[in-house]
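Novice: Could you have a look at this structure, given as structure tokens, before my questions?
In this note's numbering, the protein residues as written are 910 to 1492.
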């Protein structure tokens, strides 16, 4: 490709960086962001403003010389004059007869920008607008999905100076894909202006004159260097080939080496492997990317005697057979990793593949976060059902689903599909979890069972003989503790539910009960999310947790809290279930 920087009349080391970036060709790195349009006037100093007005055209890659383009900084300027009918029926905005990447229109005051219709239609992009007064357009490829394929400011006003800068950037991979489809090159036409510091090299170039022309008539470069009171003013109009008609190197999963698998794996090899013949283990960080974006499906599914977490995308593609094993591992057949998912998703999985030697050091029977949350949900379902049945026995009707919001029938039919708060609680939980992530998870645990109505618990206690005035100001935790104390005494005496209704105040109903102490700790940790965390976390020591291990991360602390909360609700459900069973 033509060396525009080397052929520029001013020595390379004296060129402003912004000008150099406009002259330099764009490489084929698919991750590079390519500037495709700009309207900027940047104050470099009190008396020096760097101005760039740049457009990119699509010029056929037919072997002919690049034409010299002309523009007024935008594709179209002003509006056609209203005259006879059909006077502009062939109105086709263009850059010197060529198509453009960013459609831009301007007058002397207002300027508007958007991605060219041909570009977003050819690439199947979907726009979204972000920002309020200062809006930007962002184009995404939702078929994969790929976000931020192209983006830039929507508009500006110009009154002596622009109200803001406009910069449009596009993914190099997608830009080159469009140019390849069109058989064209990305050609920049730009105007650049800035005041350069006076120097002997520039004075030598000017040959003692106050004005020096750059370039030749009809060439890719036109401009001048002139003396002003603030320095040497450089003005440049240039047409340069920035992007060649070549695709970026394709990301491919063919030829990857997977830990524990002999040789390089291609799609053909992966598909030839018999199911269950070759197993790959992934770190469950693999799931984090999908769990943090609502566009992906990542809800755990209980099937075939195990928990499966196979990410999917809007029915377009889906992993299969991703089975949780151990605390932070995913077991999956190599064949399933290569089946029906985009290349980049396979590459993402490959990043998290673990060496068999590391897997051998892990306890594959250790409980994972999804299993713990499932046990927690089981207790919530039992609590709602048991309290509803208890209410019925005491003459207080309340459906179980209205108490905690969970339905056993719905869970049996659709799993966690309709309970996003449960799925969120079961998301990736590393051993090196941060303190804030741990506290946020504790808050989520607390909020799930906090739906239990205080008034319903007070009605139950009052029906069992507890004076209303003594519990009028108690919160949910204290009310549950009171209920547990009564249930334990009745269960020890092998009573049935019909014996619970009483007008006599039960003995020891307001005593402290260590069986649900973890619920109080979780409440404190929920508060710590917004206040001082250190003193609240020390409460874990009271429950015999070794807080000295927290410097390694809060993953074990989360395990400890979840187990404690599950045990607390088991302590309530067990005696209550036995009492109800005696009815």
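Beta carbons are placed, not taken as given, at the ideal position from N, Cα and C, and that holds for glycine. Keep in mind it's a predicted model, so treat the numbers as computed, not measured.
Which of the three DSSP states is assigned to residue 1184 in this structure?
Specialist: Reading the chain shown from its first residue, position 275 is the one you call residue 1184. Model confidence at residue 1184 stands at a pLDDT of 48, short of 50, so the residue's coordinates are unreliable; what they give is reported in the following sentence. Looking at residue 1184 - three-state DSSP - the assignment turns out to be coil, as it is neither helix nor strand.
Novice: Does the segment 1080-1090 touch the segment 931-943, meaning 3 or more C-beta pairs lie closer than 8 Å?
Specialist: Touching, yes, given that three or more Cβ pairs across the two stretches are closer than 8 Å.
Novice: Looking only at its chain, what residues have a beta carbon closer than 6 Å to the beta carbon of residue 1284, apart from the 5 residues adjacent to it on each side?
Specialist: The residue given as residue 1284 occupies position 375 in the chain shown. Closer than 6 Å at Cβ, skipping near neighbours: 1475.
Novice: With distances taken Cα to Cα, identify the nearest neighbour of residue 1273 among 1291, 1378 and 1232.
Specialist: Taking the chain shown and counting its residues from 1, one reaches residue 1273 at position 364. The shortest Cα separation from residue 1273 among 1291, 1378 and 1232 belongs to 1232.
Novice: What is the DSSP secondary structure of residue 930, counted as helix, strand or coil?
Specialist: Along the chain shown, read from residue 1 onward, the residue named residue 930 stands at position 21. Of the three classes helix, strand and coil, the one that applies to residue 930 here is helix, per DSSP.
Novice: State yes or no: is the C-beta of residue 1187 within less than 8 Å of the C-beta of residue 1240?
Specialist: For this step, residue 1187 is matched to residue 278 along the chain shown. For this step, residue 1240 is matched to residue 331 along the chain shown. Taking 8 Å as the Cβ cut-off, residue 1187 and residue 1240 do not qualify as a contacting pair.
Novice: Can you find the residues in the same chain that come closer than 6 Å, C-beta to C-beta, to residue 1197, ignoring five residues on each side of it along the sequence?
Specialist: Numbered from its first residue, the chain shown carries residue 1197 at position 288. Answer for residue 1197: 1337, listed in chain order.
Novice: Take the Cβ of residue 1289 as the centre, count every other Cβ of all protein chains shown within 10 Å, and call the residue buried at 16 or more, exposed below.
Specialist: Working through the chain shown from its first residue, we reach residue 1289 at position 380. The residue is buried, with at least 16 neighbouring Cβ atoms inside 10 Å.
Novice: By DSSP's criteria, residue 1389 is part of a beta bridge. Which residues make up the other side?
Specialist: Along the chain shown, read from residue 1 onward, the residue named residue 1389 stands at position 480. Per DSSP, none; premise fails for residue 1389.
Novice: For residue 1232, write down the residues that DSSP places opposite it in a beta bridge.
Specialist: Against the chain shown, residue 1232 aligns to sequence position 323. Bridge partners of residue 1232: 1217 and 1240.
Novice: Hey, quick one: how far does the alpha helix (DSSP H) through residue 1212 stretch, first residue to last?
Specialist: For the purposes of this step, residue 1212 is taken as the residue at position 303 of the chain shown. Not the alpha helix (DSSP H): residue 1212 falls in the beta strand (DSSP E), residues 1210-1212.
Novice: Measuring only the C-alpha atoms, how far is residue 1213 from residue 1482?
Specialist: Stepping through the chain shown from its first residue, residue 1213 is reached at position 304. Stepping through the chain shown from its first residue, residue 1482 is reached at position 573. Their Cα atoms are separated by approximately 28 Å.
Novice: Going by the CB atoms, is the gap between residue 1046 and residue 1026 shorter than 8 Å?
Specialist: Translated into the one-based positions of the chain shown, residue 1026 becomes position 117. Translated into the one-based positions of the chain shown, residue 1046 becomes position 137. Cβ distance not < 8 Å, so residue 1026 and residue 1046 don't count as in contact.
Novice: Measure the C-alpha to C-alpha separation of residue 1480 and residue 1261 and round it to an integer number of angstroms.
Specialist: Mapped onto the chain shown, residue 1480 falls at position 571. Mapped onto the chain shown, residue 1261 falls at position 352. One C-alpha to the other measures close to 39 Å.
Novice: Tell me residue 1189's beta-bridge partners as DSSP assigns them.
Specialist: Sequence index remark: in the chain shown, residue 1189 carries index 280 (1-based). Looking at the DSSP assignment, residue 1189 forms a beta bridge with 1241.
Novice: Would you say residue 1089 and residue 1011 are within 8 Å of each other, going by their C-beta atoms?
Specialist: Counted from its first residue, the chain shown places residue 1089 at position 180. Counted from its first residue, the chain shown places residue 1011 at position 102. No, the pair does not count as a contact, with Cβ atoms beyond the cut-off.
Novice: Less than 8 Å between the beta carbons of residue 1247 and residue 1222, yes or no?
Specialist: Working through the chain shown from its first residue, we reach residue 1247 at position 338. Working through the chain shown from its first residue, we reach residue 1222 at position 313. No, Cβ-Cβ distance for residue 1247 and residue 1222 is not below 8 Å.
Novice: Could you pull the start and end residues of the alpha helix (DSSP H) that residue 1482 belongs to?
Specialist: Residue mapping note: residue 1482 aligns to position 573 of the chain shown, counting from 1. Segment 1464-1490, the alpha helix (DSSP H) holding residue 1482.
Novice: At the level of alpha carbons, what is the spacing between residue 1132 and residue 1151?
Specialist: The residue given as residue 1132 occupies position 223 in the chain shown. The residue given as residue 1151 occupies position 242 in the chain shown. One C-alpha to the other measures close to 19 Å.
Novice: Let me know if residue 988 comes out buried or exposed under the rule of 16 or more other beta-carbons within 10 Å of its beta-carbon.
Specialist: Taking the chain shown and counting its residues from 1, one reaches residue 988 at position 79. Answer is exposed; the Cβ neighbour count stays below 16.
Novice: In terms of residues, what are the limits of the beta strand (DSSP E) holding residue 1142?
Specialist: Taking the first residue of the chain shown as position 1, residue 1142 is located at position 233. Element bounds for residue 1142: 1140-1152.
Novice: Give me the Cα-Cα distance between residue 1184 and residue 1229, rounded to the nearest whole angstrom.
Specialist: Here residue 1184 refers to the residue found at position 275 when the chain shown is read from its first residue. Here residue 1229 refers to the residue found at position 320 when the chain shown is read from its first residue. Bear in mind that the predicted position of residue 1184 carries a pLDDT of just 48, short of 50, making it too unreliable to give a figure here.
Novice: As a quick exercise: from 1393, 957, 1435 and 974, pick the residue whose alpha carbon is nearest that of residue 1103.
Specialist: Translated into the one-based positions of the chain shown, residue 1103 becomes position 194. Residue 1103 has its Cα closest to that of 957, out of 1393, 957, 1435 and 974.
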